[in-house]
Each structure stands twice: as C-alpha cells, then as structure tokens.
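Comments concern the structure below.
In the numbering used here, the protein residues as written are 222 to 338.
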C-alpha cells in the first residue's frame with residue numbers, strides 16, 4: 222500500500238501562484254509515474270502533469286507554460302508550481318502515483334484550488 226499526503230492549495234486571485242506538494246510513503250519499491258490530476262465542478266477528472274522516474278514529463282495543453290511539475294525520487298515527492306492561474310484552473314487537485322509492477326494506482330485525498338477575484 223502507498224499513502225499520499227498532499228499540501229498546498231487554497232484561494233488565489235487570477236494571475237496569482239500556488240504550489241502543491243505530495244509525499245508518498247508506505248510499501249514503495251519503485252514508483253514509475255507521479256503526477257497531478259484535477260476535477261473541476263461538473264467535469265471529468267483530467268491529467269494536469271505527470272513525470273516518470275527517468276524525468277519524462279507530460280502536461281495538459283491547458284497548463285503548458287504556466288505550470289511546472291517536479292519530482293524528487295529520493296524523497297518520493299512531487300510538486301506542482303502553478304503560475305498565472307486562471308479561474309478555469311479552479312478544481313480539486315489530486316496527487317497520483319502509478320506503479321507498473323502490478324499496475325498499482327494510488328490517489329491522494331485531493332486539495333481544493335480556487336482562483337477567483
């Protein structure tokens with residue numbers, strides 16, 4: 222089992238910045254992918270950014286150039302720096318971990334990000 226603890230999030234004005242952090246603990250041998258998803262009100266959960274254990278990064282088109290994902294393999298942490306936030310970025314953000322061995326998927330509890338003036 223893997224536990225994910227998220228921190229960060231909150232209320233910010235349009236154009237502002239926030240940083241989300243996620244720490245994984247538990248029975249961890251090798252995490253292949255760590256990243257962030259989000260679910261906006263009335264919408265499906267969608268990928269925001271993900272990073273592999275060798276540093277391959279993927280972003281949703283809607284956040285490219287504004288968000289930066291970073292990972293510390295030694296600490297099993299993944300951060301999401303969000304700049305130039307827009308009202309449409311308002312959502313619950315979830316930390317995600319994928320382990321290829323056994324195709325294990327784990328989710329954090331979610332943290333609310335609200336972008337509003």
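Don't be surprised by glycine CBs; every beta carbon is placed ideally from N, CA and C.
Between the options, which has its C-alpha nearest residue i's C-alpha?
i	options	result
residue 309	224, 227, 234	234
residue 257	319, 332, 314	314
residue 335	303, 329, 243	303
residue 322	266, 288, 268, 249	249
residue 312	286, 230, 225, 261	261
residue 224	244, 271, 237, 240	244
residue 255	332, 328, 338	328
residue 297	253, 236, 240, 288	253
Would a C-beta distance cut-off of 8 angstroms place residue i and residue j closer than the cut-off?
i	j	result
residue 300	residue 242	yes
For residue i, list the residues DSSP reports as bridge partners.
i	result
residue 298	244, 293
residue 320	325
residue 278	272
In this structure, how does DSSP classify residue i when only helix, strand and coil are distinguished?
i	result
residue 338	coil
residue 283	helix
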